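*Asks:* Can you keep this structure in mind? I'll have questions shortly.
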Amino acid sequence: DTGVSQDPRHKITKRGQNVTFRCDPISEHNRLYWYRQTLGQGPEFLTYFQNEAQLEKSRLLSDRFSAERPKGSFSTLEIQRTEQGDSAMYLCASSPGQLATNEKLFFGSGTQLSVL
Amino acid sequence: AQSVTQLDSQVPVFEEAPVELRCNYSSSVSVYLFWYVQYPNQGLQLLLKYLSGSTLVKGINGFEAEFNKSQTSFHLRKPSVHISDTAEYFCAVSPARSNSGYALNFGKGTSLLVTP
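If you read the protein sequences in the order shown, they are chains A and B.
Residues in the first sequence are numbered from 421 upward in steps of one, following our numbering.
Residues in the second sequence are numbered from -10 upward in steps of one, following our numbering.
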């Protein structure tokens, strides 16, 4: 168990550029979640996958945000035409399955995005 | 929808003193409740969770929390804190039955600062 891995740890970009973040969940975890955390706030749910299926995406912040998990393993989160308001920590989490009695979310350390 | 209010943004406490971090939630349906901890430069870790059954829940590192349905609260307590407990603590809620992958709604967090 190597934990949830996110890459890169930090990303600095100029407004209007596209960025993509990668998340590698714990092996064999079939659920994968993306959250966003801004300064002084708790994490905010964005989307989640059950294997390769994206089962909830209505809470993605705008149509500039999209996520994929093509083979049910790693996932990418892309932000197109970045804006300064997109600056935040983007967190990925995984879990073995349906959140239930003995399960919990395992979070990565996040990708810190700064949009200049 | 569910929401969480963490009543204190910062809690300073001396080492070996007791501490209580307050959390109130709002929901029209049954909920699951969680406390997560975020140490500096680390990912969120689950401290404890309430799903059903006994309202007193014990977690890791000597923490416990009590679910109070009538007061819609889930306060976190520790009888004697250590310097190493200094961290950000997040209360979170999810609907007990959901088609949205049990996405968590987090509070804004409480910063616990333990000093000698």
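Don't be surprised by glycine CBs; every beta carbon is placed ideally from N, CA and C.
In this text, all values refer to a predicted model and were calculated from it rather than measured experimentally.
In this structure, how does DSSP classify A:S371 when only helix, strand and coil are distinguished?
*Replies:* Look at the range of chain A in this structure, 421 to 536, and you will see that residue 371 of chain A is not part of it.
*Asks:* Tell me whether A:N522 sits in a helix, a strand or coil according to DSSP, three-state version.
*Replies:* Working through the first sequence from its first residue, we reach residue 522 of chain A at position 102. Annotation note: pLDDT 49 at A:N522 (below 50); position unreliable, coordinate value reported separately. Here A:N522 sits in coil by DSSP.
*Asks:* Pick from B:E55, B:G96, B:T104, B:S100: whose alpha carbon is nearest that of A:S461?
*Replies:* The sequence position of residue 461 of chain A within the first sequence is 41, counting from 1. It is Gln, not Ser, that sits at residue 461 of chain A in the sequence shown. With distances taken between Cα atoms, A:Q461 lies closest to B:G96.
*Asks:* Residues in the segment 11 to 35 of chain B with C-beta within 9 Å of chain A's C-beta atoms, listed in sequence order?
*Replies:* Y21, F23, Y25, Q27, N30, Q31, G32, L33, Q34, L35
*Asks:* Does the separation of the CB atoms of A:S514 and A:R451 fall below 8 Å?
*Replies:* Within the first sequence, the letter at position 94 stands for residue 514 of chain A. Within the first sequence, the letter at position 31 stands for residue 451 of chain A. For A:S514 and A:R451, yes; Cβs fall inside 8 Å.
*Asks:* Is A:Q504 helix, strand or coil when you go by DSSP?
*Replies:* Here residue 504 of chain A is taken as the residue at index 84 of the first sequence, counted from 1. Of the three classes helix, strand and coil, the one that applies to A:Q504 here is helix, per DSSP.
*Asks:* Shorter than 8 Å from the beta carbon of A:V424 to some beta carbon of chain B?
*Replies:* What you label residue 424 of chain A is simply residue 4 of the first sequence in a count that begins at 1. Among the CB atoms of chain B, one or more fall inside 8 Å of the CB of A:V424.
*Asks:* Could you spell out where the beta strand (DSSP E) holding A:H430 opens and where it closes?
*Replies:* By one-based count along the first sequence, residue 430 of chain A stands at place 10. Residue range 430 to 433 is occupied by the beta strand (DSSP E) that includes A:H430.
*Asks:* Any heavy atom of the ligand NAD closer than 7 Å to the Cβ of A:L452?
*Replies:* The ligand content of the structure shown is nil, which means the ligand NAD is not present either.
*Asks:* Could you pull out every residue in the same chain whose Cβ sits closer than 7 Å to the Cβ of A:G436, ignoring the five residues on either side in sequence?
*Replies:* Taking the first residue of the first sequence as position 1, residue 436 of chain A is located at position 16. So the list reads R501, T502, once near-sequence residues are dropped.
*Asks:* Between the segment 43 to 74 of chain B and chain A, which residues of the former have CB atoms less than 8 Å from a CB of the latter, in chain order?
*Replies:* Listed in sequence order: no entries.
*Asks:* To the nearest angstrom, report how far apart A:N522 and A:D506 are at their CA atoms.
*Replies:* As a working note, residue 522 of chain A is residue 102 in the first sequence. As a working note, residue 506 of chain A is residue 86 in the first sequence. At A:N522 the pLDDT is 49, less than 50, meaning the model places this residue with poor confidence; the figure from the coordinates comes in the next sentence. In this structure, the CA atom of A:N522 is about 34 Å from the CA atom of A:D506.
*Asks:* Straight-line CA distance for A:E488 to B:S62?
*Replies:* Mapped onto the first sequence, residue 488 of chain A falls at position 68. Mapped onto the second sequence, residue 62 of chain B falls at position 73. Rounded to whole angstroms, the gap between the alpha carbons of A:E488 and B:S62 is 37 Å.
*Asks:* First and last residue of the beta strand (DSSP E) that includes B:H71?
*Replies:* Along the second sequence, read from residue 1 onward, the residue named residue 71 of chain B stands at position 82. Segment: none, B:H71 is in no beta strand (DSSP E) and carries neither H nor E.
*Asks:* As a quick exercise: from B:C12, B:G48, B:D(-3), B:E77, pick the residue whose alpha carbon is nearest that of A:Q457.
*Replies:* For the purposes of this step, residue 457 of chain A is taken as residue 37 along the first sequence, with counting starting at 1. Nearest option by C-alpha distance: B:E77.
*Asks:* Figure out for me which residue from B:A92, B:T99, B:P105 has the closest Cα to the Cα of B:Q(-9).
*Replies:* Taking the second sequence and counting its residues from 1, the one referred to as residue -9 of chain B is at position 2. That would be B:A92, whose Cα lies nearest to the Cα of B:Q(-9).
*Asks:* Give a yes or no on whether 8 Å exceeds the smallest Cβ distance from B:A92 to chain A.
*Replies:* Translated into the one-based positions of the second sequence, residue 92 of chain B becomes position 103. Yes, its Cβ sits closer than 8 Å to a Cβ of chain A.
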